[in-house]
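Enquirer:
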Amino acid sequence: MRAPARSFILAVILAPALTGVAAPPAAAQEPAAAPAAAPSETRIGLIHRVQPQPSSYDAEAPPEDEGVAGARMAIADNNTTGRFTKQSYALDEAALTEGGPGAVETARALVEKGTKFIILALPADEVLAVADALKDTGAVILNAAAPDDRLRGADCRKNLFHVVPSRAMQTDALAQYLTLMRWRKLFLIVGPNEADRLYAEALRNSARKFGLKITAEKPWTFGPLAKARGDTPTRAEAMVFTRGLDYDMAVVADEAGDWGDYVPYRTVDPRPVGGTQGLVATTWSPVLETWGAAQAQNRFRRLAGRLMRPLDYQVWTAVRIVGDAATVRKTADPAVLGPYLADPAFSVPAYKGVSLSFRPWDQQLRQPLIVVQPKMLVSVAPEQGFLHQRTPLDTLGVDLPETACKLK
């Protein structure tokens with residue numbers, strides 16, 4: 196029985212020589228390792244408008260990289276995770292300038308070169324125009340700057356998701372705090388701009404929703420006193436603007452920041468001021484430190500050399516939404532990720548203590564809003580005690596039974 200075994204062994208050894216093929220070295224007989232898969236790249240576009248810098252000193256002037264710096268930090272965060280999931284992310288920055296291509300042309304150019312996720316830091320009209328222009332391209336659009344309620348209502352679009360809170364969410368957050376404090380009588384001061392009118396309209400709706408009463412309302416007719424220099428007779432007139440009124444809090448509607456900061460400490464009676472200035476409801480503030488926000492604040496300051504502003508946070512969140520969705524679904528296909536964003540299973544952590552998700556009826560991002568004054572976090576909305584059958588986050592903004600949105 197042993198001789199056939201020896202013959203078999205000899206045949207194996209001599210076979211290469213008999214066929215004229217050299218025997219391979221021992222190491223080459225091991226199966227070759229498969230090459231590492233190249234990371235799949237997801238391109239995310241950011242369209243914004245360059246902010247003109249003031250000709251004189253302005254402590255509140257927006258930085259030139261507002262929003263852009265938030266996107267850059269989020270891309271770095273996405274790529275940190277992507278190293279483990281074989282995914283990579285790149286940012287396509289597109290700044291609109293005077294006389295250059297418009298928002299629609301810029302968005303189309305981005306899509307044509309393969310960028311299928313577009314973040315807009317633009318006003319409502321341009322957001323709507325881009326959404327309509329790209330509706331047949333499969334691109335997913337994220338609104339990071341326009342708070343207009345109509346974009347979540349009659350002018351909602353199926354390819355448009357809203358990261359920035361609506362005006363209704365902002366005024367509801369403030370109204371919840373005023374209800375909690377029992378400051379129920381409001382004096383509403385409305386600026387001359389269209390955005391001021393829309394904020395005032397949202398505030399009136401919030402007052403009705405939470406049982407507050409607007410006991411007085413006046414238009415602001417004294418010009419941009421918050422940015423004026425020196426004392427004038429007009430200032431003296433403005434100081435008696437609140438005389439003879441019965442109210443617990445003055446609410447200013449000045450989204451341009453022209454005069455709202457002038458009102459605090461200049462009312463005839465000692466009353467707090469809130470709204471667009473004073474006590475405000477917002478997504479982000481340098482005073483936010485809880486839920487890991489201090490870490491984000493420090494990382495952003497190292498990256499940008501300044502403090503993070505609300506628009507930075509909103510753009511950061513938009514980029515992270517794309518990254519988290521791509522990580523979970525293991526794809527960058529917008530045809531997959533778009534429907535997933537509106538799925539109840541989707542959520543994204545964003546330094547707010549709870550995960551954020553999109554409302555399926557209007558594609559508005561649910562999120563807590565912080566109620567702050569310039570140097571201190573005052574409260575967080577939704578306030579305790581404001582309940583909802585789905586989530587307390589849906590007490591902020593337009594709920595499903597009231598929505599005018601029909602996604603199309």
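In this note's numbering, the protein residues as written are 196 to 603.
Note that beta-carbon positions come from the ideal geometry of N, C-alpha and C, so glycine has one too.
Of the residues PHE279, ALA334 and GLY265, which one's Cα is nearest the Cα of GLY533?
Expert: It is ALA334 whose Cα lies nearest to the Cα of GLY533.
Enquirer: Hey, which unbroken runs of the beta strand (DSSP E) at 3 residues or more fall wholly within the segment 242-303?
Expert: Within the segment 242-303, the complete beta strand (DSSP E) runs of at least 3 residues are 282-291.
Enquirer: DSSP on PRO481, reduced to helix/strand/coil?
Expert: Coil, per DSSP.
Enquirer: Distance check for LYS408 and ALA326, CA to CA, integer angstroms please.
Expert: One C-alpha to the other measures close to 38 Å.
Enquirer: Straight-line CA distance for ALA217 to SER235?
Expert: Confidence in ALA217 is poor, its pLDDT being 43 and thus under 50, which makes the residue's placement too unreliable to answer from.
Enquirer: Do VAL475 and VAL543 have their CB atoms nearer than 9 Å?
Expert: No, the pair does not count as a contact, with Cβ atoms beyond the cut-off.
Enquirer: Just how far apart, CA to CA, sit ALA421 and LYS525?
Expert: Cα to Cα, ALA421 sits roughly 50 Å from LYS525.
Enquirer: So what's GLU412 in DSSP terms, helix, strand or just coil?
Expert: If DSSP states are grouped into helix, strand and coil, GLU412 belongs with the strands.
Enquirer: Counting C-beta neighbours from all protein chains within 10 Å, is the total for PRO563 16 or more, i.e. buried, or is it exposed?
Expert: When all chains shown are included, PRO563 counts as buried.
Enquirer: Once you ignore the five residues that flank MET364 on each side, which residues in its own chain have a CB closer than 7 Å to its CB?
Expert: So the list reads LEU564, LEU591 and GLY592, once near-sequence residues are dropped.
Enquirer: With a cut-off of 8 Å on the beta carbons, I'd call GLY386 and ASP453 a contact; round off their distance for me.
Expert: Rounded, the Cβ-Cβ distance is 7 Å, consistent with contact.
Enquirer: With a Cβ-Cβ cutoff of 9 Å, do ARG504 and ALA269 count as a contact?
Expert: No. Outside cutoff.
Enquirer: Would you give the residue range spanned by the beta strand (DSSP E) that VAL514 belongs to?
Expert: Careful: VAL514 lies outside any beta strand (DSSP E), inside the alpha helix (DSSP H) at 505-524.
Enquirer: Below 8 Å on the Cβ atoms is my contact criterion, and I expect ALA289 with THR301 to pass it. Report the Cβ-Cβ distance as a whole number of Å.
Expert: Their Cβ separation, rounded to whole angstroms, is 5 Å, which keeps ALA289 and THR301 in contact under 8 Å.
Enquirer: Applying the criterion that 16 or more other CB atoms from any shown protein chain within 10 Å of the CB defines a buried residue, is MET571 buried or exposed?
Expert: Classification for MET571: exposed.
Enquirer: Can you list, in chain order, the residues of its chain whose CB lies under 7 Å from that of ALA520, leaving out five sequence neighbours each side?
Expert: Excluding sequence neighbours, ALA520 sits near LEU532, TYR535, LEU536 and PHE541.
Enquirer: Can you tell me whether DSSP reads LEU602 as helix, strand or coil?
Expert: DSSP places LEU602 in coil when its eight states are reduced to three.
Enquirer: Near ASP594, which residues of its chain fall below 7 Å by C-beta distance, leaving aside the five closest residues on each side in sequence?
Expert: Nothing listed; no residue qualifies.
Enquirer: From the DSSP output, read off the bridge partner residues of SER574.
Expert: Answer by DSSP bridge pairing, in chain order: VAL566.
Enquirer: If I measure Cβ to Cβ from VAL322 and keep anything under 6 Å in the same chain, skipping five residues before and after, which residues do I get?
Expert: Result list for VAL322: LEU315, ASN338 and ALA341, in chain order.
Enquirer: Is HIS357 near ARG345, with beta carbons less than 9 Å apart?
Expert: Against a cut-off of 9 Å, the Cβ pair of ARG345 and HIS357 comes out as no contact.
Enquirer: Below 9 Å between beta carbons: does that hold for GLN558 and LEU602?
Expert: For GLN558 and LEU602, yes; Cβs fall inside 9 Å.
Enquirer: Got a sec, what are the start and stop residues for the alpha helix (DSSP H) LYS404 sits in?
Expert: Run containing LYS404: 389-404, per the alpha helix (DSSP H) assignment.
Enquirer: Can you tell me whether ASN493 is buried or exposed, with buried defined as 16 or more other CB within 10 angstroms of its CB?
Expert: Classification of ASN493: exposed, given that the 10 Å Cβ count is below 16.
Enquirer: Whose C-beta lies closer than 6 Å to the C-beta of GLY548 among residues of the same chain, with five residues either side of it excluded?
Expert: Hits under 6 Å: TRP486.
Enquirer: What are the boundary residues of the alpha helix (DSSP H) that PHE139 is part of?
Expert: Residue 139 lies beyond the residue range present for the chain, which begins at 196 and ends at 603; the question has no answer from this structure.
Enquirer: Hey, could you find the ends of the beta strand (DSSP E) ALA537 is sitting in?
Expert: That residue, ALA537, is in no beta strand (DSSP E); it is neither H nor E in DSSP.
Enquirer: Quick one: what does DSSP say ARG377 is sitting in, helix, strand or coil?
Expert: ARG377: coil per DSSP, three-state reduction.
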